[in-house]
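Step one of this worksheet: look at the structure below.
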Amino acid sequence: MSNATLSDVYQLKCAVQNYDWGKLGEESKVAQFAAKTPDGFKIDKSKAYAELWMGTHPNGPSLLVKDQTTSLKDVIAQNPYFYLSSKISQQYDNDLPFLFKVLSVSKALSIQAHPDKKLGRELFEKFPKIYKDPNHKPEMAVAITTFEALCGFRSLNEIANYLDVYPEFREIVSNEIANRYIETVSQLPEDIERNKAALKELFAFLMTQDANTIANQVKRLATRLTEENEPSKLESGSVSELVVRLNQQFPGDVGIFCVFLLNYVRLEPGQAIFLGANEPHAYLSGDCVECMAASDNVVRAGLTPKFKDVDVLVKMLTYRYGSAKSQILQPESYQPSISKHSLLYDPPIDEFSVILTQLPAGDNEERFAPINGPSIIIVTEGSGIMIVAKGPEKIIEMGNVYFIAAASKEVVLRSNEGLVCYRAFCS
175 MSNATLSDVY
185 QLKCAVQNYD
195 WGKLGEESKV
205 AQFAAKTPDG
215 FKIDKSKAYA
225 ELWMGTHPNG
235 PSLLVKDQTT
245 SLKDVIAQNP
255 YFYLSSKISQ
265 QYDNDLPFLF
275 KVLSVSKALS
285 IQAHPDKKLG
295 RELFEKFPKI
305 YKDPNHKPEM
315 AVAITTFEAL
325 CGFRSLNEIA
335 NYLDVYPEFR
345 EIVSNEIANR
355 YIETVSQLPE
365 DIERNKAALK
375 ELFAFLMTQD
385 ANTIANQVKR
395 LATRLTEENE
405 PSKLESGSVS
415 ELVVRLNQQF
425 PGDVGIFCVF
435 LLNYVRLEPG
445 QAIFLGANEP
455 HAYLSGDCVE
465 CMAASDNVVR
475 AGLTPKFKDV
485 DVLVKMLTYR
495 YGSAKSQILQ
505 PESYQPSISK
515 HSLLYDPPID
525 EFSVILTQLP
535 AGDNEERFAP
545 INGPSIIIVT
555 EGSGIMIVAK
565 GPEKIIEMGN
575 VYFIAAASKE
585 VVLRSNEGLV
595 CYRAFCS
């Protein structure tokens, strides 16, 4: 393929994943966005639409709208230096280093973590049917609507308090383990490794209990909470409300006890969390854009009918602990000298960053200096015009997805009615 035929920008048809936890029909942002691609996609009101995949991952590759026999991976392979840059091509084996997604969550995803590179390789070599690539999978979620999640271990004292307040929690981990945990974490707050070991012992004991014992104890706890309180009057996001809600979704599951151990976070649109490798989490509800290293590896241990790899999860976690606020990733202004309406989410990894652009209604324009790497942009609200590398104006609207080549020059966005878009990139 000669440079004369290379294009700076391609509109993408993105893969839709239908998982049980997704939102139904038109309630799902995934379905709403997919329906805006000009390919005849029809929303089925009875179907759960969970994820929209934007990228080159073989489990859900993006195709070109103008030629749906050609994938984005095919395009990149024709001239990786043009589409990715020489640096990214060499570093990531001529492939896109990130996977960009939209998630629409109606019920909880599994209690899970993603492996680091070393563990990813080991799991892939030993269990290739379960762990389907050797990569790590740090990820970041930015809320599109109000979004709930469990992520990272709560503060030590908070967990200790729940062991005192909820007798069913104490009983399932045993008085011996509970007392040892409380005694350890109350003695030397500064002894982080000792406290992590106590937290690991508590978590491991809980997660390896007999399933019938767990189910009986969950039933006791949920029954008591619903008898003492009208479920509708429980404070949303409180541990009591979460126990009742999750027991309706996954009756008797061990993951229900994880609400006492993991931070609950409620994100409003534009707020973000970053989940490093080996950190426990579970998304609960809402819509988000999510970006991650190009992997599909998940180690699950609760709130799922799928395979649970409890031993691996218990061993792999970092057991870092802290407040819910510590889980939030704060954005910063993007190119403040030329961009007035954009924020940068820049997690501490190499594979990706994300720009959120919010053009208010009116005759507004945003200019972006060239990014020396590949990017994918999705419009989540409104409509406008995009100009890439001084090329023709492209009318863009909610749900449209475009790949922009590394070799592209300036990108310009304009809107009269207002426009919100997210752009994932690596440079």
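Heads up, my numbering is the position in the sequence shown plus 174, with the first residue counted as 1.
Beta carbons are placed, not taken as given, at the ideal position from N, Cα and C, and that holds for glycine.
Counting only residues of its own chain and dropping the five nearest sequence neighbours on each side, Leu198 has a CB closer than 8 Å to the CB of Lys219, Ser220, Lys221, Ala222, Tyr223, Ser280. The shortest CA-to-CA distance from Gly196 to any of Ala282, Tyr508, Arg474 is the one to Ala282. For Val553, the beta-bridge partners assigned by DSSP are Cys595.
Glu540 is a Cβ neighbour of Ser516, given a cutoff of 8 Å. The Cβ-Cβ distance between Thr492 and Asn452 falls below 8 Å. Taking 8 Å as the cut-off, the Cβ atoms of Pro312 and Arg295 do not count as close. Between Gln185 and Asn590, the C-beta gap is not smaller than 8 Å, which leaves the two residues out of contact. Checking the DSSP bridge columns, you'll see Glu540 partnered with Leu587. Spatial neighbours of Ser278 in its own chain (CB-CB distance under 7 Å, excluding positions within 5 residues in sequence) are listed in chain order as Gly196, Lys197, Ser202, Lys203, Val204, Tyr223, Ala224, Asp461.
Positions of the alpha helix (DSSP H) runs, each at least 4 residues long and wholly inside the stretch 459-530, are given as 484-490 in order along the chain.
Pairwise C-beta distances place the stretch 506-522 out of contact with the stretch 332-349, as fewer than three of them are shorter than 8 Å. In its chain, beyond the 5 residues on either side, Val418 have a beta carbon closer than 7 Å to the beta carbon of Thr400. Taking all protein chains shown into account, Asn369 has 16 or more neighbouring C-beta atoms within 10 Å of its C-beta and is therefore buried.
Leu503 is a Cβ neighbour of Phe448, given a cutoff of 8 Å. Taken in chain order, the unbroken stretches of alpha helix (DSSP H) that lie wholly in the stretch 182-208 and span 4 residues or more are 203-208. Under the three-state reduction of DSSP output, Tyr305 falls in the coil class, being neither helix nor strand. By the Cβ criterion, the stretch 235-246 is not in contact with the stretch 590-599, since fewer than three pairs of Cβ atoms, one from each stretch, lie closer than 8 Å.
When only Cα atoms are considered, Ser459 and Asp485 end up about 27 Å apart. For Lys482, the closest alpha carbon among the candidates Phe379, Ala467, Val428 is that of Val428. Counting along the chain, the unbroken alpha helix (DSSP H) around Met381 starts and ends at 366-381. Lys275 and Asp267 have their C-alpha atoms roughly 22 Å apart.
The stretch 423-443 makes contact with the stretch 318-338, as at least three CB pairs between them are under 8 Å.
Contact check for Tyr257 against Ala580 passes: the beta carbons are separated by less than 8 Å. Annotation: Ala385 to Arg474 spans about 15 Å, alpha carbon to alpha carbon. Across the structure, Ile569 and Gly536 are spaced so that their CA atoms are roughly 16 Å apart. Per the C-alpha coordinates, the member of Arg588, Ser601, Gln422, Asn192 positioned closest to Ile561 is Arg588.
Counting every other CB atom within 10 Å of its CB across the protein chains shown gives Pro254 a total of 16 or more, marking it as buried. Per DSSP, reduced to three states, the secondary structure at Phe424 is coil, with no helix or strand assignment.
Secondary structure of Asn437 (DSSP, three-state): strand. In terms of Cβ geometry, Val347 and Leu376 form a close pair [threshold 8 Å].
The shortest CA-to-CA distance from Gly411 to any of Arg398, Asp470, Tyr457, Tyr519 is the one to Tyr457. Between Ser284 and Gly476, the C-beta spacing is below 8 Å. Comparing C-alpha distances from Pro544 to each of Glu357, Glu584, Asp524, Lys374 shows the shortest one belongs to Glu584. Lys275 is bridged by DSSP to Trp227, Glu464. If you look at Phe577, you'll find it isn't in any alpha helix (DSSP H); it sits in the beta strand (DSSP E) that goes 575-578. Taking all protein chains shown into account, Ser500 has fewer than 16 neighbouring C-beta atoms within 10 Å of its C-beta and is therefore exposed.
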